[in-house]
Amino acid sequence: SDWSADSWSDYGSRDKPGTTLGRTVPDGNVLFPDIFHTNHLLFYERFSAYQDYILADCKASEVKRFIAEYLEKVLEPCGWQAIWRTNVFDVLVVVVDVNFPALKAVVQLSEPFLCESQDSSFTMECMQELLELKEHQILLQELWVVYDDSGLFDQTALAIEHVRFFYRYIWRTWDEEEEDEFDYFVRCVEPRLRLHYDILEHRVPSGLVADYQNLLSQCEELYEKFLNVRNSISSSDSDSEAENVSMVEGLKLYDQVEHVKQRLKLIENPLLRYVFGYQKYGSLQAKGLRSTGAKVIHVVPCIMKANLLQLLTRDKLCPESCEALELQFHRDPLAAVNACYEGDTVIICPGHYFVDGMFSIADSIELEGYGLPDDVVIEKQGKGDNFFDCTGANIKISNLKLVQHDAVEGILNVHHGKTTLENCVLQCETTGITVRTSAELLMRNSDLYGAKGAGVEIYPGSTCTLLHNGIHHCKEGILVKNFLDEVYEAPRITMVNNMIHNNEGYGVVLVRPAMPSEMKDASAQGTKGTLLFLEETPETIKSDFGMMWLLCMTVDDILFPALGCTQPTQAGDETACADGSRQEQPGCVTDELELYKRAETSEQAENNSEIANVLGATSAKKRQMHRKRLSELGFTEADDNLMSQEMFVSVDGNQFKWNGKGSFGVFFF
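Under full-length UniProt numbering, the first residue of the sequence shown carries the number 1, and numbering increases by one thereafter.
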């Protein structure tokens, strides 16, 4: 914390004529003077201030001292006005001194007296009494500096803003008990600061934000109870039964606090917040059947005309038994879905529908467009999370075009049950379709494009069947997640006759843990592959999560030797062999176009075989590990459930073209 005189002189505007900060008019009816506008700072401005000027490499127990030393260097000790703000009143004060170790300012009421409160009883005399009780010292973060265009108080306003932001959004009351061998900035400040700005910029699902806020409140409440119990024990010298009970209660509270703290850290970590334990719609309840047992057809017309009604009646509204048929008409698709019960059908007529909301489908219903997908378009309007969330036992969506904008999560999430997607077009914004653990997706004759993440994400323990689809112009085509394979069953995957093309990365990517042997092979063959390490420091490596790293290498260089397989022949090699054989045997096929078709067909077959073999080998490796663990525990008999733990893979007839990194890749972590 020993800075030179020049190390902070460029921060703020001390040496610049005039202010560089804006001004804002305080809310309320009292004519307070304008204040500095400082709450608009960008992420990198706050990040730089905390890392370079305020906290540096301090420990948790040193935070207050580091902040005090920073304030001594940048804060004007007296002669400036500020508005003292509380939940009850606002009052104009003058700062006459600063108590830096306590992070407090010594103030006096301004003349003339300006005060605004919810209760008119706050007179000048009452304020004087309150200040005397506080010894005229109030917390710096409760002060908003009055605007001055000279530039003299810019650093003062910025410094107080940083302190206020820190104690409002970064600091936790339990941080003082963090172990001092960790860098407080790396361990706590940076992840919380990033999370705060991710929330501001709508990059975190609203459900996860609500979970985080609830966990914060829960942890604060538990920690306060824990402190009360601990203080009651430490203040008592007796060895009574009541004290023993208090100790047991204190241990339970401590365990609860630690558990909630770990959950908070998972959400604060951008790599882990979506991996562990976030079941956003796990509690969504289905309505079930109507009390009458009737099933309803919900019709959504953009404009209902006589000829359209005739066609609907002929094609959709005359089932075998139409006597008990009930129809309901709606203005928009979301209202129709929200009105559905188990077994209902929603028919959407041709038109372009703008929906400001999210489809949460918990019952087994059918949602179909009447016409071609390009004729029945549902477009997401406004910012939000998912577009479609499915938890019903058997949901079918067909003949629709879904267009997503300004999203945080994917276009369709299958959380539970089975969802069938047939003859649809999905124009994505972030991730495409996500198939969660224990869920099932059947996607057939559909087209998906535009995802900034993966077109289809397949989680462990899920079932995914992809037939005759196009998946293109995404970050990755299909992402198979097998990183929880020790907890969940491996996913069951069927891919037949899909066209996966023009994706930025791989056509299909497998994510799974790296085995020690593979890590060794990766080091040995580092010249052929590419090692991508997540940014880590010794502090984060020592953290509760351990070192997380990512290894991305070509399948030929690493995966096949690690699995004891031979490398597949490349299409280019096959073409070369074919050319060589053609020169040696003039009687062979000489048509270059036919030769190219053969090579391409052979390449696609190899791609399908490669994916099936690697996914199957991954499942077999998991089975071997499971057997080894059972053997170490003394179980020598074969486990009857081992076969059910294997990844079922059927990959055939798929075409992979013009994907940026190739047809298939493996990411280790």
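Yeah, the Cβ is synthetic: ideal placement off N, Cα and C, and Gly gets one too.
- Under 8 Å between the Cβ atoms of Gly-371 and Gly-392? At least 8 Å separates the beta-carbon of Gly-371 from that of Gly-392.
- Task: May I ask whether a heavy atom of the ligand HEM can be found less than 7 Å away from the beta carbon of Lys-396?
- Result: Absence of the ligand HEM is noted for the structure shown, with no ligands found whatsoever.
- Mapping DSSP to helix, strand and coil, what is Val-651? When secondary structure is reduced to three states using DSSP, Val-651 falls in the strand class.
- CB contact flag (Phe-47, Leu-193, <8 Å): Cβ atoms of Phe-47 and Leu-193: closer than 8 Å.
- Asn-413 beta carbon less than 8 Å from that of Asp-389: Yes, these two residues count as a Cβ contact at 8 Å.
- Task: Would you mind giving the Cβ-Cβ distance between Gly-432 and Ala-454, rounded to the nearest angstrom? I have them listed as a contact below 8 Å.
- Result: Rounded, the Cβ-Cβ distance is 6 Å, consistent with contact.
- Query: Using the beta-carbon count (16 or more within 10 Å), is Pro-270 buried or exposed?
  - Reply: Result: exposed.
- Opposite Asn-413 in the DSSP bridges: which residues? Looking at the DSSP assignment, Asn-413 forms a beta bridge with Asp-389 and Thr-434.
- Message: With a threshold of 6 Å on Cβ separation, who are the neighbours of Leu-195 within its own chain once the five nearest residues in sequence on each side are excluded?
- Response: The beta carbon of Leu-195 is closer than 6 Å to those of Glu-268 in its chain, skipping five residues each way along the sequence.
- Is Leu-42 buried or exposed, if buried means 16 or more other CB atoms sit within 10 Å of its CB? Exposed, because fewer than 16 other Cβ atoms sit within 10 Å of the Cβ of Leu-42.
- Query: Can you tell which of Lys-287, Ala-49 and Arg-444 has the C-alpha that lies nearest to the C-alpha of Gln-155?
  - Reply: Check the Cα spacing between Gln-155 and each of Lys-287, Ala-49 and Arg-444: the tightest is with Ala-49.
- From Lys-657 to Asp-375, what does the alpha carbon distance come to, in whole angstroms? Distance between the alpha carbons of Lys-657 and Asp-375: 29 Å.
- Looking at C-alpha atoms only, which residue of Ser-364, Gly-79, Cys-428 and Tyr-254 is the closest neighbour of Val-296? For the residues Ser-364, Gly-79, Cys-428 and Tyr-254, the minimum Cα distance to Val-296 belongs to Ser-364.
- Is it true that the CB of Glu-440 sits closer than 8 Å to the CB of Gln-404? Against a cut-off of 8 Å, the Cβ pair of Glu-440 and Gln-404 comes out as no contact.
- Contact between the segment 135-145 and the segment 50-59: three or more CB pairs below 8 Å? Result no; under three Cβ-Cβ pairs closer than 8 Å.
- Is Val-408 helix, strand or coil by DSSP? Three-state result, Val-408: coil.
- Using beta-carbon positions only, say whether Pro-373 and Tyr-353 come within less than 8 Å of one another. No; because the gap between Cβ atoms is not below 8 Å, this pair is not in contact.
- One or two residues paired with residue 706 in a DSSP bridge: Since the displayed the chain opens at 1 and closes at 669, residue 706 lies outside it and no answer follows.
- Stretch pair the segment 18-31 + the segment 80-91: three plus CB contacts closer than 8 Å: Yes: the two stretches touch, three or more of their Cβ pairs being nearer than 8 Å.
- Message: Taking only three categories from DSSP, how would you classify Met-443?
- Response: The answer is strand: DSSP assigns Met-443 an E or B state.
- Assign Asn-469 to one of three DSSP states: helix, strand, or coil. If DSSP states are grouped into helix, strand and coil, Asn-469 belongs with coil.
- Specify the secondary structure class of Met-127 as computed by DSSP and reduced to three states. Here Met-127 sits in helix by DSSP.
- Query: What number of angstroms, rounded off, separates the C-alpha of Ser-462 from the C-alpha of Val-480?
  - Reply: Each residue's Cα considered, the two are about 10 Å apart.
- Task: Compute the distance between the beta-carbons of Gly-653 and Asn-608, then report whether it is under 8 Å.
- Result: Yes, the Cβ-Cβ distance between Gly-653 and Asn-608 is below 8 Å.
- Unbroken alpha helix (DSSP H) runs of length 4 or more, entirely within the segment 17-79: which are they? Taking only runs of at least 4 residues, the alpha helix (DSSP H) segments lying wholly in the segment 17-79 are 43-48 and 63-74.
- Task: Please go through the same chain and pick out, in chain order, the residues whose beta-carbon is closer than 8 Å to the beta-carbon of residue 670, but skip the five residues on each side of it.
- Result: No answer is possible for residue 670: the residues shown for the chain start at 1 and end at 669.
- Query: Does DSSP classify Lys-104 as helix, strand or coil?
  - Reply: In the displayed model, Lys-104 falls within a strand according to three-state DSSP.
- Given Arg-492 as reference, the closest of Leu-466, Glu-504 and Asn-498 once Cα atoms are compared: Of Leu-466, Glu-504 and Asn-498, the smallest CA-CA separation from Arg-492 is found for Leu-466.
- If we ignore side chains and look at the alpha-carbon of each, how far apart do Leu-266 and Ile-170 end up? Rounded to the nearest angstrom, the gap between the Cα atoms of Leu-266 and Ile-170 is 16 Å.
- Message: Comparing C-alpha positions only, which one of Ala-294, Phe-329 and Gln-285 sits nearest to Cys-302?
- Response: The shortest C-alpha separation from Cys-302 is found at Phe-329.
- Item | Contiguous beta strand (DSSP E) assignments of at least 3 residues, all confined to the segment 254-319 | Correct list: 296-300.
- Item | Residue interval of the beta strand (DSSP E) (run including Leu-510) | Its beta strand (DSSP E) spans residues 506-512.
- Item | From Lys-73, Val-511 and His-473, residue whose alpha carbon lies closest to that of Gly-505 | That would be His-473, whose Cα lies nearest to the Cα of Gly-505.
- Message: Which of the three DSSP states is assigned to Gly-371 in this structure?
- Response: If DSSP states are grouped into helix, strand and coil, Gly-371 belongs with coil.
- Query: The beta strand (DSSP E) with Glu-135 in it runs from where to where?
  - Reply: Note, Glu-135: premise wrong, no beta strand (DSSP E); not H, not E.
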